[in-house]
Amino acid sequence: MKNPPLHPTKTFYMKNNIFNFFKNLLNKSFWSTFFQKGWKRIKKTKIYGFSYFRPPDYRYQLEVFKQRVNPRRRKEIESRIQSFSYKPLISVVMPVYNVERQWLIEAIESVFKQIYTDWELCIADDASPAPYIKEVLENYRKKDPRVKVVYLSSNVGIALSTNEALTLAKGEFVAFMDHDDCLAPSSLFEVVDLLNREPLTDLIYTDEDKLSMGGLRLRPVRKQAWDPSLLLSYNYICHLVVCRSNLIHTIGQLRQGFEGSQDYDFLLRITELTNHVVHIPKVLYHWRMIPGSAAAIIDAKAKAFDHARKALQEALIRRGIKGKIEDGHLPGTFHVIEEES
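In terms of this note's numbering, the sequence shown is residues 1034 to 1374.
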């Protein structure tokens, strides 16, 4: 008796993994990880699209396939954009430091692929030693006036380099993006669509997933609606975050000394100024899983957890909350125990 045929989604998933297998044989980072960590490490982290060797999430792959922006959906979005009464300029802010060429190009290209076109890309290069960084950035700067670039003379870290990129921003809203991640083509459209329906919104965040180095989307993170108390446990907001620019300047932008958790410190401070925070329950941000990155290995940046605790402790002081912070059940999470008055 013949085996029943595979579900179309499973077939697609297997073909995609086979393609990624051969694609990654040409990837320098793949071989570097292979010789340093071994084959088990590659299969464990799933960063190179080898998830065929583990039970795949067929349901999510089917969801990704169904939610793709096909020509019909693109026309619907373009028609919706034409009907907007409010079309704000959105400044996409991206600090860059020595990222691999292909990931930088894919990140920038994901901004250029936005269906909503009223954007500007503000990039700060944090004194990257790799010569191709400036070459890539200059090519895009000359290609489109919406791309703005500042080159720092010395390495100052992610917080201060982000602030330098913010100095270029002229938009009413700012979207934060890492130099190796990707936006979904409809990301900025969904943001502006929300702003037309809820114009008082000051901060927007979306769902996200992980992006393997082979280009496979994995591990979707479904977030819940705005919950200030949950934010005191961990940074459940993460990516994508879009903020009203005047609030960013009011709080003094990002602060040095919170490296790895500078975004958590930022969110704790900015949400003390507004409660007009809205969640878009759609996966609009793809976080690249690179060896050694926080997306691939949760303990890759050990100091980030200490800085998160520091940010939370300072938030309690600002808010006049007396209590102690205990570690949560998972790394990087906390439990605030308030003192009885």
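Virtual Cβ for every residue (Gly too), placed ideally from N, Cα, C.
- For residue 1164, the enclosing alpha helix (DSSP H) begins and ends at 1164 to 1176.
- By the neighbour-count definition (other C-beta atoms within 10 Å, threshold 16), residue 1294 is a buried residue.
- DSSP places residue 1320 in the uninterrupted beta strand (DSSP E) bounded by 1310 to 1321.
- Contact check for residue 1268 and residue 1300: beta-carbon distance about 6 Å, within the 8 Å limit, so the pair qualifies.
- Residue 1186 counts as exposed, since fewer than 16 other beta carbons sit within 10 angstroms of its beta carbon.
- Put simply, of 1320, 1275, 1270 the residue whose alpha carbon is nearest the alpha carbon of residue 1242 is 1320.
- Per DSSP, residue 1104 is one residue of the alpha helix (DSSP H) stretching across 1104 to 1115.
- For the 7 Å CB-CB criterion, residue 1204 and residue 1122 form a contact.
- Leaving aside the five residues that flank residue 1310 on each side, the residues in its chain whose CB is nearer than 6 Å to its CB run, in chain order, 1236, 1259.
- Shortest Cα-Cα distance from residue 1239 to any of 1245, 1248, 1224 involves 1224.
- Counting the other Cβ atoms within 10 Å of the Cβ of residue 1143 gives 16 or more, which makes it buried.
- It is roughly 16 Å from the alpha-carbon of residue 1350 to the alpha-carbon of residue 1297.
- Residue 1243: member of the beta strand (DSSP E) spanning 1236 to 1244, first to last residue.
- The beta carbon of residue 1195 sits closer than 8 Å to those of 1126, 1128, 1157, 1209, 1286, 1287, 1295, all from its chain and outside the five residues before and after it, given in chain order.
- Residue ranges of uninterrupted alpha helix (DSSP H) with 4 or more members, entirely inside the stretch 1128 to 1164 and ordered along the chain, are 1134 to 1145.
- Judged by their CB atoms, residue 1132 and residue 1213 are nearer to each other than the 7 Å cut-off.
- Around the CB of residue 1348, 16 or more other CB atoms lie within 10 Å, so the residue is classed as buried.
- Contact check for residue 1228 and residue 1119: beta-carbon distance about 6 Å, within the 8 Å limit, so the pair qualifies.
- In the structure shown, residue 1291 adopts coil according to DSSP, grouped into three states.
- Beta-carbon to beta-carbon, residue 1170 and residue 1182 are separated by about 5 Å, close enough to satisfy the 8 Å threshold.
- The alpha helix (DSSP H) runs of length 4 or more contained entirely in the stretch 1186 to 1245 are, from start to end of the chain, 1191 to 1199, 1220 to 1230.
- One Cα belongs to residue 1130, the other to residue 1199, and the distance between them is close to 16 Å.
- Here the C-alpha atom of residue 1116 lies approximately 14 Å from the C-alpha atom of residue 1151.
- When rounded, the separation of the alpha-carbon atoms in residue 1343 and residue 1256 is 24 Å.
- In this structure, residue 1219 lies away from residue 1366, with their beta-carbon atoms at least 7 Å apart.
- Burial is judged here by how many other beta carbons sit within 10 angstroms of a residue's own beta carbon; residue 1370 has fewer than 16 and is exposed.
- Cβ contact annotation for residue 1174 (same chain, cutoff 6 Å, sequence separation greater than five): 1180, 1182, in chain order.
- Rounded to the nearest angstrom, the Cβ distance from residue 1222 to residue 1148 is 5 Å, consistent with a contact under 8 Å.
- Here residue 1253 carries a strand assignment [DSSP, helix/strand/coil].
- Annotated three-state conformation of residue 1360 is strand, per DSSP.
- DSSP, reduced to helix, strand and coil, places residue 1099 within a helical segment of the structure shown.
- Here the alpha carbon of residue 1356 sits roughly 47 Å from the alpha carbon of residue 1099.
- For residue 1371, the enclosing beta strand (DSSP E) stretches over residues 1367 to 1371.
- C-alpha of residue 1339 to C-alpha of residue 1104: approximately 47 Å in a straight line.
- A residue is called buried when at least 16 other Cβ atoms come within 10 angstroms of its Cβ; residue 1232 does not meet this threshold and is exposed.
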